[in-house]
Amino acid sequence: MSPTSERLQQVTNQLQTPSSNMSSKKEIVETKASPAPLAVMPFSAAVKSNGFVYLSGVIGVDPETNKIVEGDIKDRTRRVMTTITNVLKDSDSDINNIIKCNVYLTDIKNDFGPMNEAYLEFFPDPKTRPARTCVQVAALPFGTDIEIECHAHLN
Numbered sequence: 001m002s003p004t005s006e007r008l009q010q011v012t013n014q015l016q017t018p019s020s021n022m023s024s025k026k027e028i029v030e031t032k033a034s035p036a037p038l039a040v041m042p043f044s045a046a047v048k049s050n051g052f053v054y055l056s057g058v059i060g061v062d063p064e065t066n067k068i069v070e071g072d073i074k075d076r077t078r079r080v081m082t083t084i085t086n087v088l089k090d091s092d093s094d095i096n097n098i099i100k101c102n103v104y105l106t107d108i109k110n111d112f113g114p115m116n117e118a119y120l121e122f123f124p125d126p127k128t129r130p131a132r133t134c135v136q137v138a139a140l141p142f143g144t145d146i147e148i149e150c151h152a153h154l155n
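No gaps in the numbering here: position 68 of the sequence shown is 68 in full-length UniProt numbering, and each next residue is one more.
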C-alpha cells in the first residue's frame, strides 16, 4: 500500500471510530408538550445527544383543540414559543439555553415585524438571545404561517 493510501485508510478508520470523549448515543425526548398531530408524524419532537437537544420544527397548534391557533402571527408565534419552552423543560433544558433558532415564515414582508414583537417577549434580555435565521418559505404544514426549530444545550 502506498503512503498516501495508507494515510487515507488511517483517516477513514479514525472517522469511523467514535471518540472516547464523544457519545454517539441519542435519546428521544418523551414529552406531552407537543401537539397530538406529532404522534402520527414521522419524526420526534426532540432528540438529546452529546449535551444538546435538537427540536423539530414547532408550529402554533392549540393543545386543547389540536388546531392551528386562530388570530394573527403574534398569537401563533407566542404559541410556538410556549411549546418550545415546554419541550425544552421536558428535555432537561430551558429557553435560555437555546443556541440557534431557525424561523420559517410564509409572508416575511408582512409577518417579520409582528413575529419579532412576540418572539422578543420570550427573550427580553439581549444577552440571552440565541443566534437566529429567518427565511420565507412557500408553504408550511397544515397551512400555518410560522414554524420555528431550535437547538439548545442541556442544563
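We put the CB at the ideal spot given by N, CA and C, even for glycine.
When DSSP labels each residue in this structure, what does residue i get in the three-state scheme?
i: threonine 31; result: coil
i: valine 80; result: helix
i: residue 156; result: Any property of residue 156 remains undetermined from this structure, which presents the chain solely from 1 to 155.
i: lysine 100; result: strand
i: cysteine 150; result: strand
i: glycine 113; result: helix
Going by other Cβ atoms of all chains shown within 10 Å of its Cβ, with 16 needed for buried, is residue i buried or exposed?
i: residue 231; result: Because the chain spans 1 through 155 in this model, residue 231 falls outside it and cannot be assessed.
i: leucine 105; result: buried
Please report the residue range of the beta strand (DSSP E) in which residue i lies.
i: lysine 48; result: 46-49
i: threonine 133; result: 131-136
Measure the beta-carbon distance from residue i to residue j and round it to whole angstroms, keeping in mind my assumption that it falls under 8 Å.
i: glycine 60; j: threonine 144; result: 6 Å
i: valine 29; j: valine 58; result: Contact doesn't hold; Cβ gap of about 13 Å is too wide.
i: threonine 146; j: threonine 77; result: Reading the sequence as shown, one finds isoleucine at residue 146 and not threonine. The pair is a contact, with the Cβ atoms about 6 Å apart (cut-off 8 Å).
i: threonine 31; j: valine 87; result: 5 Å
i: isoleucine 108; j: glutamine 136; result: 4 Å
i: serine 93; j: alanine 152; result: 5 Å
Check this for me: beta carbons of residue i and residue j, under 9 Å apart or not?
i: cysteine 134; j: asparagine 102; result: yes
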